[in-house]
Each structure stands twice: as structure tokens, then as C-alpha cells.
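Each step along the sequence shown adds one to the number in the working numbering, with nothing skipped, and position 92 is 122. C-beta atoms are modelled at their ideal positions from N, C-alpha and C, and glycine is treated no differently. In what follows, a single structure is set out as C-alpha cells and then discussed.
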Amino acid sequence: MRDNSAFIQGLRSLGMDLNKHQLEQFETYYDLLIEWNSFMNLTAITEYEEVIQKHFLDSLSLIKSYQIKSGDTLLDMGTGAGFPGIPLKIAYPELNVLLMDSLNKRINFLNEVINRLDLKNISAMHGRAEEQARKIDFREKFDLVVSRAVARTASLAELCLPYVKKGGYFIPYKSGKVNEELEEAEYALECLGGKLEEKMTFTLPDTDMERTLICIKKVKETPKSYPRGGGKPLKMPLIRKK
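Structural data, given as C-alpha cells:
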């Protein structure tokens, strides 16, 4: 087993203490990530210490703005290589997790991770956010939707808020300063039934990487006309015309 003292220290800085089995699951996850990354593009970050800081601890930093409860349902939108959904599932086995991504070969990787780590109550699904949000099995069914996808908050809100149940939360992970982006997203949140509750900015353990978590509460149902199809949430975000 690698020297994971930096990981344990980082976990403690988040107020977390994982058992030996959970630490071993993270080790296996890292090994699978590197193995599969050799023949498909999963991450540009491959050094063990960097993966710990910029993927594992970053994913788990969610607990700074949301208290995970037993039985919570979580959707990780645009999960990619499984961040933040799989680290959160390892740390909180009681979570019910759905990982969604638009690239099918990533789903094959995620299923391999799920099987090798023997994770329960978690599944990976190939699909586009705009299409799956129309389905009764997914629309307004989740306590929490998270995303580390690189897109403006106004666009992400349209893709993700339709999945959040009333009283639940959508929390995108953002880098650095977000004030201008949040001002831009005000109109989208009004249209989609979301309300900005707080934003929390901090530096990841042992890095100079600044992270902001935006905590958006679902206060009313999203109108059935959203999300718009044809890639409009990304191409034409809901921004108030000046």
C-alpha cells in the first residue's frame, strides 16, 4: 500500500476519518484510473499525490456545504471518471448514487470501478442531461445533484435543477471567483425554481487550488419546458437580456 499519510491528513482537515477498507477502495480506484487512462482519456492528472488532492479530496470537499444524510439520493451529472460521485460513495456508503455521462466508454470504466470496489446502491448511466430529465424516473427525484463539469452556472443549472426534488440541492463545483457568474445565473435560477443559498470558497488541502461550492436550493418545481433540447442550455444559457 502506498504512503497515504497525506491523504489521511487531508481527510482530517475536512473532518473525515475513513477506515482501512475505505482507504483500500481509494487505492484500487486510483489503480483502475491509471490503468484505463493508458488507453482512454479519463484525466490529465495521474500522479498519486495530485489525484489525492485534485480529485479525491476535492470531491469530498462537498461536506463543507452539505451534510450528507443516510439514504440521500445523489446524481453526479457529467461524472467523467467518477468525480465527485465515486469518492462520495466510498466515504458515505449509505448514499444512493447515480452517475450520468454522455460518453459510453466512460460508463464501461465506471461499471468496472463499481464492480471491483463492490459498491452497492450505485449505478452508471449513459445519457444526455436534456433527455433523461424528461423521464418520470429521474425528474425531481434527487435530494442532491452535483457536478464538476466545466460550464457556466446558468447552463449547469438548466441541465441539473430539473432532477432535484423540491427542498433538495444542486451544488456545482467551481474554480476561484464566481461572483460575476452568479450574477449572470440569477435569471436562470428564477426560471428553474432554484435559489442561491450560499457560496463557499476555500483552498484545497496542501495546494494553492481555490475551490468554490455553490449551494442552490430547489424551492419550487422546474417548469416542464426546461431543460430545452438541442444543446440550447450550453449554447444559449438563460441570461436576463439587458
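Taking the continuous beta strand (DSSP E) assigned at residue i, which residues delimit it?
i: His103; result: The amino acid at residue 103 is misidentified as His; the sequence shows Thr. Segment Thr103 to Met107, the beta strand (DSSP E) holding Thr103.
i: Asn126; result: Asn126 to Asp131
i: Gly40; result: It is not in any beta strand (DSSP E) - Gly40 instead sits in the alpha helix (DSSP H) that spans Ser35 to Ser43.
i: Phe232; result: Gly224 to Thr233
i: Ala154; result: Ile152 to His156
i: Ala244; result: It is Ile, not Ala, that sits at residue 244 in the sequence shown. It spans Glu240 to Lys248 - the beta strand (DSSP E) in which Ile244 sits, taken as one unbroken run.
Restricting to Cα atoms, I'd like to know which of the options is closest to residue i.
i: Leu264; options: Lys204, Glu160, Lys196 and Gly112; result: Glu160
i: Gly223; options: Glu213, Thr231 and Leu191; result: Leu191
i: Ala215; options: Arg182, Phe86, Lys50 and Tyr193; result: Arg182
i: Thr231; options: Ile93, Ile38 and Arg158; result: Ile93
i: Phe86; options: Leu41, Met130 and Glu142; result: Leu41
i: Pro267; options: Gly260, Leu219, Ser185 and Arg258; result: Ser185
i: Ile144; options: Glu213, Arg164 and Leu129; result: Leu129
i: Asp148; options: Leu133, Ile137, Pro123 and Lys229; result: Pro123
i: Leu90; options: Asn71, Val176, Lys225 and Lys254; result: Val176
i: Asn71; options: Phe56, Ile120 and Lys135; result: Lys135
i: Thr73; options: Asp236, Thr109 and Leu219; result: Thr109
i: Leu226; options: Leu212, Thr233 and Ser100; result: Leu212
i: Glu65; options: Leu48, Asp88 and Glu142; result: Glu142
With a cut-off of 8 Å on the beta carbons, I'd call residue i and residue j a contact; round off their distance for me.
i: Ile116; j: Tyr59; result: 6 Å
i: Glu79; j: Ala111; result: Contact flag wrong, Cβ pair sits at about 17 Å.
i: Glu188; j: Pro257; result: 5 Å
i: Thr103; j: Asp173; result: 5 Å
i: Ala218; j: Tyr193; result: That pair is no contact at about 15 Å.
i: Ile120; j: Phe69; result: With 8 Å as the limit, Ile120 and Phe69 do not qualify as a contact, their Cβ atoms being about 24 Å apart.
Is there at least one non-hydrogen atom of the ligand NAD closer than 7 Å to the beta-carbon of residue i?
i: Gln52; result: Looking at this structure, you won't find the ligand NAD or any other ligand, since it has none at all.
To the nearest angstrom, how far is the alpha carbon of residue i from that of residue j?
i: Leu105; j: Ile246; result: 15 Å
i: Lys195; j: Arg169; result: 8 Å
i: Leu243; j: Lys204; result: 6 Å
i: Lys248; j: Leu118; result: 21 Å
i: Ile201; j: Ala154; result: 19 Å
i: Ala179; j: Lys50; result: 30 Å
i: Leu125; j: Leu140; result: 17 Å
i: Glu54; j: Ile82; result: 13 Å
i: Tyr96; j: Tyr199; result: 9 Å
i: Thr252; j: Gly261; result: 18 Å
i: Ser43; j: Lys165; result: 40 Å
i: Leu62; j: Glu77; result: 13 Å
i: Gly259; j: Met107; result: 16 Å
By DSSP's criteria, residue i is part of a beta bridge. Which residues make up the other side?
i: Phe172; result: Val194
i: Pro202; result: Ser177
Where does the unbroken alpha helix (DSSP H) through residue i begin, and where does it stop?
i: His51; result: Lys50 to Asn67
i: Ala121; result: Gly115 to Ala121
i: Lys135; result: Asn134 to Arg146
i: Glu79; result: Tyr78 to Val81
i: Lys262; result: Lys262 to Lys265
i: Gln162; result: Ala159 to Gln162
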